[in-house]
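Residue numbers (this note's numbering): 18 to 136.
All residues carry an ideal CB built from backbone N, CA and C; glycine is no exception.
As the structure is a prediction and not an experimental result, all values here were calculated from the model.
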């Protein structure tokens, strides 16, 4: 937090912000937001792509997540070539939420990179 220029604090004080408001509205968003967004995205990807725990713990086919279901289609349906198109479509559908989340969170990194360049 020492990397932030003192002019930011001075302008916040001139606007009437208390020390707590400066911490909450200036320091934390500029310093913590990129890290929190990164941790959130990596954790979402880890949970979304989790394969081993549902594969070992779940016994009912209707409760399998997409990754385990695709594995089952690929492994047990390998004899039928018609299932490959279904597996490829399912793989595309499993990548779409992660891609959409990454693209929507990209603006937080871009804003903070620009803010860091201006200081």
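If you draw a 10 Å sphere on the C-beta of residue 113, you find fewer than 16 other C-beta atoms in it, and that means exposed.
Cα atoms of residue 87 and residue 107: separation of roughly 7 Å, rounded to the nearest angstrom. Apart from sequence neighbours up to five positions away, the residues of its chain that approach residue 89 with a beta-carbon distance below 8 Å are 78 and 81, ordered along the chain. The way I'd put it, the segment 41-48 doesn't touch the segment 58-68; fewer than three beta-carbon pairs between them come closer than 8 Å. Excluding five sequence positions before and after residue 26, the CB atoms of its chain that fall closer than 8 Å to its own CB belong to 39 and 43, given in chain order.
Note on geometry: alpha-carbon atoms of residue 72 and residue 85 lie some 6 Å from one another.
Shortest Cα-Cα distance from residue 120 to any of 37, 54 and 102 involves 54. The Cβ neighbour count for residue 22, taken over all protein chains shown within 10 Å, is under 16; the residue is labelled exposed.
For residue 33, the secondary structure class from DSSP, reduced to helix, strand or coil, is coil.
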